[in-house]
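A.B. asks: Below you will find the structure I want to go over with you.
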Amino acid sequence: METSVEQTTPRLPGPTLTPSLTDTEDPHPSLSDWHDYEPNLEFDDTELSQAPDPGLIIALDDDALISGDFVTPTDDIQTNLEADNYEEQLRVASEMDEFSSMKSYEELKFIDFFGTDKQGQHIFAIFACRLPPKAELNNSAFIHYIIQKMEAFVQNDYVLVYFHQGLKDNSKPSVDFLWNSYKELDRSFKKNLKRLYVVHPTMFIRVIWNLCKPFISVKFKNKLFYVSSLEELRENLGLKSLKLPDNIYEFDERNASSRRSSGLTGAKNAQELNIAKTTQFGVTLKFINQNSPCLNYIPPVVRKCVDHLSVSGVIDTEGIFRRSGNYGRINSLKAAINAGENVDFKNEDTHVIAGLLKTFLRDLQEPLLTYALYDEIIKFLEWSKEERSRNVMQMLREKLPVENYELFKYIIEFLVKVMECKDLNKMTPSNLAIVFGPNLIWAHNQMSLEEVNPINAFIEFVLQNHRDIYMVDINPKETVD
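Numbering (numbering that gives the first Met the number 0), first residue to last: 0 to 480.
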C-alpha cells in the first residue's frame with residue numbers, strides 16, 4: 000500500500016508576516032504626502048527564495064564516509080604561489096584588490112558631504128543612483144571605503160541623508176551584504192547618528208521598515224525621518240542649496256508639479272524686510288557692528304558665550320563642542336537675543352551655550368572667512384610647508400575685512416584655550432578643526448567631501464601656529480574703562 004507524502008515548502012524561522020498597505024501604521028509621516036510606487040523589493044531576496052543549484056550539490060558515498068577513503072585528485076593543482084611565502088602573497092593580492100575597488104568607488108561619488116545642519120551637526124549624503132553594481136561589489140572594500148570617508152566626523156554628532164531615487168535593480172544589495180556591512184560599523188557610527196533622512200521613499204521602503212521594526216531599537220526608530228521633497232529637506236537641514244545628481248532634481252520637480260496641481264503645497268510667507276536693530280543672528284557682521292555695542296568688533300553674544308565657556312569647570316567639559324545642545328533651547332535664546340533681551344547664561348547647559356556660539360557663526364549671511372577666500376583655502380594642502388605660514392598670514396591680514404579679522408582672531412584665541420584642556424575635554428586641534436571648519440568657511444552652493452579636508456587642515460594649522468600668525472597686532476584696540 001503506497002502512502003502519499005505531501006511535500007511542504009520549507010519556511011524561514013520567525014512569525015508569519017502578512018503586511019497590508021492599508022493597515023500599516025506609519026509612525027514617520029512626511030510633511031508632503033506624495034509617494035512613488037516601486038514594484039520590486041529594495042534588496043535582493045533571490046538568495047532566500049531560490050533553491051540551491053543541483054549542480055553545486057556534491058554526493059558523497061556512504062561507504063567512503065565510513066571507511067575514510069576519500070578520492071584523491073590525480074591532477075596537481077596549478078598555482079603561482081610560492082610554498083614558503085603564500086600567506087604574504089595572498090595578503091598583498093587581497094590588498095591590491097581592495098585598493099582597486101576603493102579607487103572605483105571614489106570615481107562613482109556615491110557618498111558626499113553637505114556641511115553642517117542648523118544644529119552644527121555634520122551632514123553626509125548617500126546616493127542610491129550611484130551605487131556600484133552588486134556583481135562588482137566587494138563587501139570588505141565597500142564598507143571600508145565608507146568608514147574611511149566618515150570616520151573622523153562620526154566621533155561627533157552627525158546626520159545621514161539617503162537619496163533613494165534612481166536605485167537600479169542590479170545595484171540592490173542583498174540582505175546578507177547589508178547585515179555584514181552593519182556589523183563592520185563601530186559604536187560611534189550608530190550612537191552618534193542623530194537623524195537619518197530617507198528622501199523620496201517608496202511604499203516598499205515603508206513596508207520593509209515596518210517589518211523590521213520589531214528587531215530595531217526604539218532609539219534608532221526615533222532617528223528615522225521620511226522626506227518627500229527637496230524643499231522639505233532643505234528646510235529640515237537649514238541649507239539654502241543642495242548639490243545633487245540631475246536625476247534627483249528631475250524626479251523632485253515631477254513630484255512637485257503633481258503636488259501643486261493637487262493643491263498639496265502652500266505659498267511661503269514673504270521674508271520680513273525690516274530687521275530689528277538688536278538682531279545678531281542671521282545678519283552680517285557689518286550690521287551688528289553698526290547697531291550693537293561691539294568692543295573691538297566682537298559681537299556681544301559672542302563675547303558673552305566665550306566668557307561663559309572659558310570658566311574653569313566649563314571649558315574642560317568632555318566633548319564641549321562635539322555634543323549637540325538642546326535645539327529648542329538654542330532657538331529660544333536666539334529669539335530672545337535678537338529681540339534685545341538681556342539673557343542670563345548662568346543656569347544654562349554647557350552644550351547649549353557651545354551650540355549657540357556655533358549657531359551664530361553658521362547663521363552669518365556670509366562665512367566669517369568670506370566667500371572670497373574659499374578658493375584659496377581649499378588649496379591649502381597644495382602649498383609647500385615653507386609657503387603655508389607666509390600665505391596664511393598674508394591672507395588673513397590683507398584679505399579679510401577688519402571686523403572679520405578681529406572676530407576670527409578672537410575665536411581662535413578662545414579655541415586655543417579649549418585646546419589646552421584637551422586631556423579633559425578631548426578637544427584636540429584636529430577635533431576642533433573638524434567641528435569649526437564648516438562653520439567658519441563654506442562655498443556659495445555646497446562644499447564637497449574633497450574640499451572638507453583642506454578646510455579642516457587650514458583651521459588646524461592656524462590653531463597650532465596662532466602665535467606666529469598673530470605675533471603682530473595690526474589693529475588698534477579699545478580698552479574698557
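Where a beta carbon is used, it is the ideal one built from N, C-alpha and C, also for glycine.
1. Under 8 Å by Cβ, that's how I've got Asn444 and Ser228 pegged, so tell me the actual separation to the nearest angstrom.
2. Could you tell me whether the segment 404–417 touches the segment 452–469, where touching means 3 or more Cβ pairs closer than 8 Å?
3. Using CA coordinates, which residue listed in Ile377, Phe379 and Thr369 is at the minimum distance from Leu399?
4. Give me whichever residues DSSP pairs with Ile110 in a beta bridge.
5. Can you tell which of Ile146, Ile336, Glu385 and Glu347 has its C-alpha closest to the C-alpha of Lys182?
6. Please name the residue, chosen from Tyr104, Asp116, Glu386 and Asp156, that lies closest to Glu135 on a Cα-to-Cα basis.
7. Could you tell me whether the Cβ atoms of Asn288 and Glu402 are closer together than 7 Å?
8. Mind checking which residues open and close the beta strand (DSSP E) that includes Tyr157?
9. Under a three-way DSSP split, which group does Asp467 fall into?
10. Roughly how many whole angstroms lie between the Cα atoms of Ala432 and Lys222?
11. In the DSSP output, what is Thr115 paired with across the bridge?
12. Do you know how far the Cα of Ile376 is from the Cα of Tyr469?
13. Tyr326 lies in the alpha helix (DSSP H); which residues open and close that run?
14. On the DSSP letters alone, give me the boundaries of the alpha helix (DSSP H) that Lys303 sits inside.
15. What's the call for Asp175, buried or exposed, on a 16-neighbour Cβ count within 10 Å?
16. Which of helix, strand or coil does DSSP assign to Ser170?
17. Can you check DSSP and say which residues form a bridge with Tyr225?
18. Compare the beta carbon distance of Leu355 and Ile319 with 7 Å and say whether it is the shorter of the two.
19. Whose C-alpha, out of Asp315, Lys133, Asp111 and Ile410, is nearest the C-alpha of Phe126?
20. Going along the chain, which residues of its own chain have a beta-carbon closer than 8 Å to the beta-carbon of Asn424, five neighbours each way excluded?
21. By DSSP, does Leu243 sit in helix, in strand, or in coil?
22. According to DSSP, Leu294 sits in a beta bridge with which residue or residues?
23. Just the C-alpha distance for Pro38 and Val198, rounded to the nearest angstrom, thanks.
24. Would a C-beta distance cut-off of 7 Å place Tyr296 and Glu397 closer than the cut-off?
25. So, helix, strand or coil for Leu448, using DSSP?
26. What is the C-beta distance between Arg129 and Pro200, in whole angstroms, given that I count them as a contact (C-beta under 8 Å)?
27. Should Thr115 be labelled buried (16 or more other beta-carbon atoms within 10 Å of its own) or exposed?
28. Could you check where the alpha helix (DSSP H) with Phe320 kicks off and where it finishes?
29. Just to confirm the assignment, what range does the alpha helix (DSSP H) spanning Asp422 have?
30. Report, in whole angstroms, the separation of the C-beta atoms of Gly339 and Thr283, which I expect to be a contact under 8 Å.
31. Rounded to whole angstroms, what's the CA-CA distance from Asp362 to Asn169? Just pull it up for me.
32. Helix, strand or coil, according to DSSP, for Leu192 in the structure here?
33. If we call anything under 7 Å between Cβ atoms a contact, is Phe188 one with Val153?
34. Which same chain residues, not among the five before or five after Cys304, have their C-beta less than 7 Å away from its C-beta?
35. Can you tell me which of the three DSSP states Ser180 falls into?
C.D. replies: So, from the listed chains and residues:
1. By a beta-carbon distance limit of 8 Å, Asn444 does not contact Ser228. Their separation comes to about 19 Å.
2. Contact holds: three or more Cβ-Cβ distances are below 8 Å.
3. Here the closest residue by C-alpha is Thr369.
4. Per DSSP, the beta bridge partners of Ile110 are Ile125.
5. Closest option to Lys182, Cα to Cα, is Ile146.
6. Ranking Tyr104, Asp116, Glu386 and Asp156 by Cα distance to Glu135 puts Tyr104 first.
7. Pairing Asn288 with Glu402 gives a Cβ-Cβ distance under 7 Å.
8. Looking at the DSSP string, the run of the beta strand (DSSP E) that includes Tyr157 is Tyr157 to Phe162.
9. Looking at Asp467 - three-state DSSP - the assignment turns out to be helix.
10. Distance between the alpha carbons of Ala432 and Lys222: 26 Å.
11. Looking at the DSSP output, Thr115 sits in a beta bridge with His121.
12. Straight-line measurement puts the Cα of Ile376 at about 18 Å from the Cα of Tyr469.
13. Residues Tyr326 to Asn337.
14. Pro299 to Leu308 is the span of the alpha helix (DSSP H), which, as asked, contains Lys303.
15. Counting every other CB atom within 10 Å of its CB across the protein chains shown gives Asp175 a total below 16, marking it as exposed.
16. Assignment of Ser170 by DSSP, reduced to helix, strand and coil, places it in the helix class.
17. Tyr225 is bridged to Val197.
18. No; because the gap between Cβ atoms is not below 7 Å, this pair is not in contact.
19. Nearest option by C-alpha distance: Asp111.
20. Only Ile314, Asp315, Thr316, Glu317, Gly318, Ile319 and Val417 meet the Cβ criterion.
21. It is coil, neither helix nor strand.
22. According to DSSP, which records beta bridges pairwise, Leu294 is partnered with Ile297.
23. Per-residue confidence for Pro38 stands at a pLDDT of 47, beneath the threshold of 50, marking its modelled position as unreliable; no derived number is given.
24. One thing to note: Tyr296 has its Cβ no nearer than 7 Å to the Cβ of Glu397.
25. Helix at Leu448.
26. That pair is no contact at about 18 Å.
27. With a threshold of 16 other beta carbon atoms within 10 Å, Thr115 meets it and is buried.
28. Where Phe320 is concerned, there is no enclosing alpha helix (DSSP H), because DSSP gives it neither an H nor an E.
29. Element bounds for Asp422: Lys421 to Asn424.
30. Taking the Cβ atoms as the reference, Gly339 lies roughly 18 Å from Thr283, outside the contact range of under 8 Å.
31. Approximately 42 Å between the Cα atoms of the pair.
32. For Leu192, the secondary structure class from DSSP, reduced to helix, strand or coil, is strand.
33. By the CB criterion at 7 Å, Phe188 and Val153 fall inside the cutoff.
34. Excluding sequence neighbours, Cys304 sits near Ile352, Leu355 and Leu356.
35. Residue state, collapsed to three classes: helix.
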